[in-house]
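Structure record follows, encoded as structure tokens.
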DNA sequence: TATCAACTCCCCCAAAATAGCGAGGGCAGT
DNA sequence: ACTGCCCTCGCTATTTTGGGGGAGTTGATA
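Residue numbers (UniProt numbering), protein chains in the order written: chain Y, 1 to 237; chain B, 1 to 237.
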């Protein structure tokens, strides 16, 4: 007999639309016997998509309160490579705690395990399994299912991207080497004069690079360009 | 009886140094019965680390020729989310084909399957299984082992990072909610006037936030502060 | 050979950001 | 009650950026 997860993955393999992802997360919730399973995707351009078993009220609340910018799970996973237990995250800030109490009120469990997944242009997805139980129970659960959750996370992400229409808008126009140099040094806090000096070019030439990078990145100003370049992984600071 | 991969993963779990990674890739090669298994890591600052079963001659050649900038596997995976069969890559450019013929001469197989893995600050790792066989055989192989390879790739990466010295995450001093708002909107490309308007505060108050954020982040100017805030995952753009 | 992308340099001027002084009220922890 | 942090507001002068022109050299690719 085939394990349940295998079956879910195979069904997902056949999926033809985002609605199947919703079916999959629900099936996964039942399989893992947890309160919630959620897939959440954020592109560098700000678009996002989520599907999961949280109540519509919580989803709406999340949107309204712009919890995306507060949520310690998002912020914490954003800095990590690897799957993380929610207990490992930083819940000490005030914003985090108000978020936490609010979440609990809306039926979000106290335990969670989230898998961050990153794409080539700063796309960022999060696959979360959430439950309400004590630490020991959760420890046993994660120990047992961690590996399958990681796999499932990647499959969900793969499928979500296949169906996502916003996949082609700007096919990651790369920056030229000089543009990368310029934007990188600017991002490190130097002024145009300093950067021009460091690169041994005239300040005007430097400006041309910054402008062309800004154009390629669809940025309104230098700061915006730096933000986008970092988000998309085009430069490293 | 435990599957071989499980055993390898468990051994890797106990690993205490990079040498265990080398042992693991060799064990994986034997398990999968393929010609090569390679793990390769590139940081944004240009450092890189690799371990695998390619011949030392090929590794040296790769370095000397700076194939990192030519290798269609690297270039292709850099733009993708998901594991990819080498056949899916673009081998049409002249540089790619010279690379290919050169690789074959050094014992690299014609078939390959690579898993890209990305980190929060532009870190990029590649886990590759390589073999010499016909398309049908390879098709069957990837079909059978794809999932376990993905898992193994992530475990190898996790371990590699644990042993990597340059991994001290700065104790990011958190920003206040208003500072987060301010820096976020600035990072989105708005001018101070626009942001002040959006937050319904005077432009001067906004400036205070930006300055205090800049101070907390140890940034020389606004752009630098935005760059740091994004790199440290304090804001989401 | 033609074309295109990248790289380099120059002018001027308006707009925006930064630096330097301030000030006061609210809220939480000690 | 005190201390520290967060939020809010004002002014002036200087520095830095941004937008508008234009022009010439490479090197790779078609």
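Beta carbons: idealized from backbone N, C-alpha and C, even for Gly.
Residue pairing of residue 221 of chain Y in beta bridges, as defined by DSSP: absent, with no partner found.
Nearest C-alpha to residue 223 of chain B among Y/20, Y/186, Y/103, Y/231: Y/186. Here residue 229 of chain B is not near residue 210 of chain B, since their CB atoms are 8 Å or more apart.
Separation of the CB atoms of residue 36 of chain B and residue 108 of chain B is rounded to 7 Å, and the pair is thereby assigned contact status at 8 Å. For the UniProt domain "HTH luxR-type" (168-233) of chain Y, the residues whose beta carbon sits under 7 Å from a beta carbon of chain B are, in order, 172, 186, 187, 188, 189, 219, 220, 221, 222, 223, 224, 226, 227, 230, 231, 233. In this structure, the alpha-carbon of residue 216 of chain B lies about 30 Å from that of residue 48 of chain Y. Residue contact with chain B for residue 150 of chain Y: present (Cβ-Cβ distance below 8 Å to some residue of chain B). In the displayed model, residue 150 of chain B falls within a helix according to three-state DSSP. Annotation: the continuous beta strand (DSSP E) that includes residue 117 of chain Y extends over 111-118.
Between residue 83 of chain Y and residue 113 of chain Y, the CB-CB gap stays under 8 Å. In the pairwise beta carbon analysis, the stretch 22-37 of chain Y is classified as touching the stretch 129-145 of chain Y: at least three pairs are separated by under 8 Å.
For the options Y/157, Y/119, Y/110, Y/154, the alpha carbon positioned closest to that of residue 135 of chain Y is the one of Y/110. Burial check for residue 116 of chain B: the Cβ neighbour count within 10 Å reaches 16 or more, so the residue is buried.
In chain order, 120 make up the part of chain Y whose C-beta sits under 7 Å from the C-beta of residue 80 of chain B. With contacts defined as CB atoms closer than 8 Å, residue 96 of chain B and residue 102 of chain B fail to qualify as a contacting pair. When 7 Å is used as the limit between beta carbons, residue 161 of chain B is near these residues of chain Y: 81, in chain order.
As a beta-bridge residue in DSSP terms, residue 125 of chain Y pairs with Y/41, Y/117. Beta-bridge partners of residue 48 of chain Y (DSSP): Y/42. Contact between the stretch 2-18 of chain Y and the stretch 139-159 of chain Y is present: three or more C-beta pairs spanning the two stretches fall below 8 Å. Taken atom to atom, the span from the alpha-carbon of residue 79 of chain B to that of residue 219 of chain Y is near 21 Å. Residue 16 of chain Y is classed as exposed because its beta carbon has fewer than 16 other beta carbons within 10 Å across all chains shown. Neighbours of residue 23 of chain B across chain Y, judged by C-beta separation under 9 Å, do not exist; the nearest C-beta is about 20 Å away. DSSP links residue 84 of chain B through a beta bridge to B/114. In the structure shown, residue 36 of chain B adopts extended strand secondary structure according to DSSP, grouped into three states.
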